[in-house]
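Peer 1: Read in my numbering, the sequence shown has 274 at position 274, and its numbers run on one by one without any break.
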Amino acid sequence: MKLIFSILFSFVCFGISKAQNLYSKAYGDKKNPAIIFIHGGPSGNSNLFEATAAHKLADKSFYVIVYDRRGEGRYKDDNATMTFQENFDDLNQIYKLYHLEKANILAHSFGGIVGTLYTNQYPKKVKSLILAGALVSQQETYNHILENAKSAFKNEENKLREISTIETLNKNSAEYRKKTYDIASDLGYFSMPNPTTESQNLRQEFENSEFYKTNFRNHNSPLLFYKNETQNNLDNKGVLLEITKKKIPLFAIYGQNDGIFSAKQLTDLRNIVGANNLRILDNCSHYLFVDQQNQFLDFIKLKIKK
1 MKLIFSILFS
11 FVCFGISKAQ
21 NLYSKAYGDK
31 KNPAIIFIHG
41 GPSGNSNLFE
51 ATAAHKLADK
61 SFYVIVYDRR
71 GEGRYKDDNA
81 TMTFQENFDD
91 LNQIYKLYHL
101 EKANILAHSF
111 GGIVGTLYTN
121 QYPKKVKSLI
131 LAGALVSQQE
141 TYNHILENAK
151 SAFKNEENKL
161 REISTIETLN
171 KNSAEYRKKT
181 YDIASDLGYF
191 SMPNPTTESQ
201 NLRQEFENSE
211 FYKTNFRNHN
221 SPLLFYKNET
231 QNNLDNKGVL
241 LEITKKKIPL
251 FAIYGQNDGI
261 FSAKQLTDLR
271 NIVGANNLRI
281 LDNCSHYLFV
291 DQQNQFLDFI
301 KLKIKK
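What follows is the structure in structure tokens.
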């Protein structure tokens with residue numbers, strides 16, 4: 001009997017330890033509707049959202065939970081595989097740790113892929129899915145970036161050669177993804193075109209905060225993801241349609257100046273979620289919760305009901 005108790009105690013402690021090792025933090029009253037934020041990546045974290053927006057979203061009567069995926073940010077794990085199923089397992093740990101049966105998923109950038117696949121696999125756990133500057137069709141995004149770059153750099157031979165080289169790479173590789181996004185950065189696609197005083201203050205506050213000091217990113221994460229995950233260049237429009245058939249509310253908010261998305265992609269998304277459930281923010285790029293924070297928070301408040 002004593003041996004059995006010891007084994008059970010060890011098992012329970014391991015489970016608790018695993019959940020505690022996964023970096024997470026909750027903001028607000030746990031009696032309010034829960035929102036779980038899923039950050040971008042691979043090689044991402046929730047630092048910027050946590051520092052600038054989590055507490056303000058909680059002030060709008062939500063219970064906001066942020067976390068870093070295993071091995072990417074503040075949750076260091078040399079044994080992480082970076083697969084979607086591992087992401088799902090850790091997300092399920094978040095549900096257990098915060099005693100949640102259902103929650104709203106707020107998914108940003110690459111986190112949109114994680115959130116979409118999770119919602120489709122665990123529909124009973126998701127009250128609604130909010131896509132925020134989220135990837136939907138990866139290859140369409142890559143094609144859009146490279147085609148625009150050809151036009152923007154048409155008089156720069158070195159850049160055109162660089163783009164041609166990228167197009168010869170394996171499209172299911174970390175190298176192809178990284179070099180394509182490097183081109184997007186060169187085009188200014190991740191920068192707010194006309195920074196406001198508010199957005200500048202938010203970024204300055206972040207850079208002066210403890211969150212900036214712990215802004216860890218595992219730059220090997222993409223290599224592991226593309227090595228271990230077979231679903232590495234997805235078009236999730238069909239998956240989103242399946243989610244709508246399951247009667248899970250689906251919302252989307254994007255920046256008008258987020259250059260990684262084409263007009264066609266946003267039109268396709270509007271057709272899936274409905275015109276009333278898609279918001280496009282002016283003077284806004286990829287980091288909506290900083291660029292146009294008030295409009296971003298108001299949209300979530302409007303769409304997520306008690």
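Glycine residues also receive a C-beta, built at the ideal position from the N, C-alpha and C atoms.
Roughly how many whole angstroms lie between the Cα atoms of T244 and V273?
Peer 2: As a working mapping, residue 244 is identified with position 244 in the sequence shown. As a working mapping, residue 273 is identified with position 273 in the sequence shown. Each residue's Cα considered, the two are about 8 Å apart.
Peer 1: Tell me the DSSP bridge mates of V66?
Peer 2: Indexing the sequence shown from 1 puts residue 66 at position 66. K25, F37, per the DSSP bridge assignment.
Peer 1: Quick check on H286: buried or exposed, where buried means 16 or more other Cβ atoms within 10 Å of its Cβ?
Peer 2: Here residue 286 refers to the residue found at position 286 when the sequence shown is read from its first residue. So H286 ends up on the buried side.
Peer 1: Is the number of C-beta pairs between the segment 60 to 71 and the segment 26 to 41 that are closer than 8 Å three or more?
Peer 2: Yes: the two stretches touch, three or more of their Cβ pairs being nearer than 8 Å.
Peer 1: Alpha carbon to alpha carbon, what distance is there between E50 and N276?
Peer 2: Position 276 of the sequence shown, counted from the start, is the residue given in the question as residue 276. Position 50 of the sequence shown, counted from the start, is the residue given in the question as residue 50. Taking the straight line from one Cα to the other gives about 28 Å.
Peer 1: Note down, one range per segment and in chain order, each beta strand (DSSP E) of at least 3 residues found wholly within the segment 106 to 185.
Peer 2: DSSP runs (the beta strand (DSSP E)) wholly in the segment 106 to 185: 126 to 132.
Peer 1: List the DSSP bridge partners of A51.
Peer 2: Numbered from 1 along the sequence shown, position 51 holds the residue referred to as residue 51. Paired residue(s): none; A51 is not in a bridge.
Peer 1: Along the chain, where does the alpha helix (DSSP H) containing I272 start, and where does it finish?
Peer 2: Counting from one through the sequence shown, the residue named residue 272 turns up at place 272. Per DSSP, I272 belongs to the alpha helix (DSSP H) from 263 to 273.
Peer 1: Comparing the CB of A149 with every heavy atom of the ligand FMN, is any distance shorter than 8 Å?
Peer 2: In the structure on display, the ligand FMN does not appear, and there are no ligands present to speak of.
Peer 1: Is the beta carbon of Q293 closer than 9 Å to that of A53?
Peer 2: Mapped onto the sequence shown, residue 53 falls at position 53. Mapped onto the sequence shown, residue 293 falls at position 293. Yes, they are a contact pair.
Peer 1: What do you get for N155, buried or exposed, if any count of 16 or more other CB atoms within 10 angstroms of its CB means buried?
Peer 2: On the sequence shown, position 155 is the one that residue 155 refers to. Under this definition N155 is an exposed residue.
Peer 1: Is the segment 237 to 251 touching the segment 117 to 136, taking contact as three or more C-beta pairs under 8 Å?
Peer 2: Touching, per the Cβ criterion.
Peer 1: In this structure, how does DSSP classify Y95 when only helix, strand and coil are distinguished?
Peer 2: For the purposes of this step, residue 95 is identified with residue 95 of the sequence shown, where counting begins at 1. Of the three classes helix, strand and coil, the one that applies to Y95 here is helix, per DSSP.
Peer 1: Note down, one range per segment and in chain order, each beta strand (DSSP E) of at least 3 residues found wholly within the segment 185 to 271.
Peer 2: Segments of the beta strand (DSSP E) lying fully in the segment 185 to 271: 250 to 255.
Peer 1: Is A80 helix, strand or coil when you go by DSSP?
Peer 2: Working through the sequence shown from its first residue, we reach residue 80 at position 80. It is coil, neither helix nor strand.
Peer 1: Could you tell me whether any Cβ in chain B is nearer than 9 Å to the Cβ of N155?
Peer 2: Absent from the structure: chain B. Only one protein chain is present.
Peer 1: Could you give the DSSP three-state label for I309: helix, strand or coil?
Peer 2: Because the chain in this structure spans residues 1 to 306, residue 309 falls outside the shown range and cannot be described.
Peer 1: By DSSP, does D291 sit in helix, in strand, or in coil?
Peer 2: Translated into positions along the sequence shown, residue 291 becomes position 291. In this structure, D291 counts as helix in the three-state DSSP scheme.
Peer 1: Among the residues of its own chain, which have a CB less than 7 Å from the CB of Y27, if the five just before and after it don't count?
Peer 2: Working through the sequence shown from its first residue, we reach residue 27 at position 27. Excluding sequence neighbours, Y27 sits near A54, H55, A58, V64.
Peer 1: Pick helix, strand or coil for N87, following the three-state DSSP scheme.
Peer 2: Locating residue 87 in the sequence shown gives position 87, counting from the first residue. Three-state DSSP puts N87 in a helix.
Peer 1: Just grab the DSSP bridge partners of A103 for me.
Peer 2: Looking up residue 103 in the sequence shown gives position 103. Paired residues: V126.
Peer 1: How is D59 classed by DSSP in three states: helix, strand or coil?
Peer 2: Taking the first residue of the sequence shown as position 1, residue 59 is located at position 59. Reduced to three states, the DSSP call for D59 is coil.
Peer 1: Could you pull out every residue in the same chain whose Cβ sits closer than 8 Å to the Cβ of L160, ignoring the five residues on either side in sequence?
Peer 2: Here residue 160 refers to the residue found at position 160 of the sequence shown. Excluding sequence neighbours, L160 sits near K150, F153, K154.
Peer 1: Might you give, ordered along the chain, the residues of its own chain that have their beta carbon closer than 6 Å to the beta carbon of Y254, omitting 5 neighbours on each side?
Peer 2: Along the sequence shown, read from residue 1 onward, the residue named residue 254 stands at position 254. Around Y254: G133, I280.
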